[in-house]
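Peer 1: Mind looking over this structure? Questions follow.
Numbering (my numbering), first residue to last: 125 to 450.
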């Protein structure tokens, strides 16, 4: 009898250790499904600034920031083309600090510091935090293909108009420049980039443990004209979740520049990103993830009022992005 128990135990263990069957990764939300996610972005940017003229020494500027965005996702429609979800901002927390160390000095001079929490700060005065405050309770809709590709962004312009109205931006040339800058910061490209952290594009074929696929992503909406070439690997697979690892190569998009107000900037930057994503197989969405990104290179100020020649600013950027489902 003991031998039979031993054989049964071996069979059970073999079944537990055998690889899971291949699965098809697809968005499978149902109308009415609702869940809350929190995305945390921690970033450190170090720039080596040249001297701006007589009496203005060169130095190193360090900017650190932590932005936590809590939002609700609700599935509002499912049809043959895909799934429509509504994203509503529930809470935004931000802490940003800037310091400066002049050349030849070991000490850093503290600079501007901003702390904001939409649950506590009802009447912010800083323009950036005012924009955050107007976002609370508002949002937009996105249509996803079954493979989690963003097909359409719905209501983004209306969302931006609410932000503009809350800022009381004057209808002047300067005001138009501010609106343009906000549109680039909070526009469709930015939203698409943010959603790509929650909805990575799925492969055509079924996947099993050890399988890989590749994808390229434009980070232009994140503030830099960069692209990331990602490789995804299925590290673990069971009946409820798929665990993926990610490795990405980051390069500048040749010929693309970014305009901020009266400045035009170019970038010569490269880097990498690594991370892990966990997909809920029942819903077909990413429920947990962590990405670490490092960048190094140069920002080039191509044009700016009173700038006689191109200015080159070496920079380093470290970013960690985590996503959790509450």
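From the three backbone atoms N, C-alpha and C, an ideal C-beta is built for every residue, glycine too.
Only a predicted model underlies this, so the values are computations on that prediction, with no experimental measurement involved.
Does the beta-carbon distance from residue 243 to residue 215 come in below 8 Å?
Peer 2: In this structure, the beta-carbon distance from residue 243 to residue 215 falls below 8 Å.
Peer 1: Mind checking which residues open and close the alpha helix (DSSP H) that includes residue 332?
Peer 2: From DSSP, residue 332 is part of no alpha helix (DSSP H); its letter is neither H nor E.
Peer 1: Assign residue 253 to one of three DSSP states: helix, strand, or coil.
Peer 2: helix
Peer 1: In whole angstroms, what is the alpha-carbon distance linking residue 192 and residue 415?
Peer 2: 15 Å
Peer 1: Using the C-alpha atoms, what's the distance from residue 371 back to residue 399?
Peer 2: 7 Å
Peer 1: For the structure I just gave you, are there three or more beta carbon pairs, one from the segment 427 to 444 and one from the segment 152 to 171, closer than 8 Å?
Peer 2: At 8 Å Cβ cutoff, the stretches touch.
Peer 1: State buried or exposed for residue 275, treating a residue as buried only when at least 16 other CB atoms are found within 10 Å of its CB.
Peer 2: exposed
Peer 1: Thinking residue 351 and residue 375 are a contact (beta carbons under 8 Å), I'd like their distance in whole angstroms, please.
Peer 2: 6 Å
Peer 1: In the structure shown, what three-state DSSP assignment does residue 291 receive?
Peer 2: helix
Peer 1: Would you please state the rounded distance, in angstroms, between the beta carbons of residue 254 and residue 291? I believe it to be under 8 Å.
Peer 2: 6 Å
Peer 1: For the segment 396 to 411 and the segment 354 to 366, state whether three or more C-beta atom pairs, one from each stretch, are separated by less than 8 Å.
Peer 2: yes
Peer 1: By the DSSP assignment, the beta strand (DSSP E) with residue 326 in it spans what residues?
Peer 2: Unbroken run through residue 326: none, as it is neither H nor E.
Peer 1: Would you please state the rounded distance, in angstroms, between the beta carbons of residue 151 and residue 324? I believe it to be under 8 Å.
Peer 2: Between residue 324 and residue 151 the Cβ distance is about 11 Å, and since that is not below 8 Å, they are no contact.
Peer 1: What does the Cβ neighbour count give for residue 138, buried or exposed, with the cut at 16 atoms within 10 Å?
Peer 2: Confidence is the limiting factor: at residue 138 the pLDDT is only 44, short of 50, which leaves the residue's position unreliable, though a coordinate-based value still follows. Residue 138 is exposed by the Cβ-count criterion.
Peer 1: Taking buried to mean at least 16 other C-beta atoms within 10 Å of its own C-beta, is residue 450 buried or exposed?
Peer 2: Answer is exposed; the Cβ neighbour count stays below 16.
Peer 1: When the Cα of residue 333 is compared with those of 422, 386, 360, which residue comes out closest?
Peer 2: 360
Peer 1: Go ahead and pull the three-state DSSP assignment for residue 438.
Peer 2: Reduced to three states, the DSSP call for residue 438 is strand.
Peer 1: Residue 210: which of 297, 217, 247, 197 sits nearest, CA to CA?
Peer 2: Ranking 297, 217, 247, 197 by Cα distance to residue 210 puts 197 first.
Peer 1: Would you mind listing the beta strand (DSSP E) stretches within the segment 384 to 433 that are 3+ residues and don't spill past its ends, in chain order?
Peer 2: If you keep only unbroken beta strand (DSSP E) runs of at least 3 residues inside the segment 384 to 433, you get 387 to 404, 409 to 427.
Peer 1: Quick one: what's got a C-beta closer than 6 Å to residue 357's C-beta in the same chain, skipping five residues either side?
Peer 2: 336, 369
Peer 1: Go ahead and pull the three-state DSSP assignment for residue 299.
Peer 2: helix
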